[in-house]
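Colleague: Sharing a structure below in structure tokens format, with a few things to ask.
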Amino acid sequence: MTGKLGKGSRCPLCGGRLEWGTATIPFVLPDTVVLVKEVPAEVCQSCHEPYLTGQAVDHITDLLNRLRGLRAEVLIFSYAQFASTAQPIVAAESP
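Sequential numbering of the sequence shown, starting at 15, is according to my numbering.
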């Protein structure tokens with residue numbers, strides 16, 4: 015899912031053409047599923063596998079580490095909103 019890809023790159027899984035775009039990526043943690051939307055990535059035009067930059071991986075790793083301990087079954091974040099803010103992540107308690 016990560017790697018250094020350049021112009022004219024091919025997908026290592028299927029050989030399809032890679033183009034810059036965005037992807038929605040699910041992360042399954044022990045007690046939570048986290049969906050991160052609009053992640054910048056090179057996306058295979060055939061199999062749709064996303065390949066992230068190192069910077070995107072760092073931002074998502076930081077997000078997932080900050081989510082440890084939150085009690086929610088599913089969390090959904092926009093990459094752009096999270097990557098542009100250093101606000102603490104707080105979960106609202108359900109009644």
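For glycine and all other residues, C-beta sits at the position ideal for the given N, C-alpha and C.
#1: Whole angstroms is fine: what's the gap from Gly22's alpha carbon to Gly29's?
#2: In the DSSP assignment, what residue or residues form a beta bridge with Tyr65?
#3: Which same chain residues, not among the five before or five after Tyr93, have their C-beta less than 8 angstroms away from its C-beta?
#4: Report the residue from Gln95, Leu81 and Ser98 whose alpha carbon sits nearest the alpha carbon of Val42.
#5: Near Thr38, which residues of its chain fall below 8 angstroms by C-beta distance, leaving aside the five closest residues on each side in sequence?
#6: When you compare each of Leu77, Ile90, Pro64 and Leu84 to Ala97 by their alpha carbons, which one comes out closest?
Modeller: Taking the geometry as given:
#1: 11 angstroms
#2: Glu56
#3: Thr36, Val50, Lys51, Glu52, Val53, Pro54, Ala70, His73 and Ile74
#4: Leu81
#5: Leu49, Val50, Lys51, Glu52 and Val53
#6: Leu77
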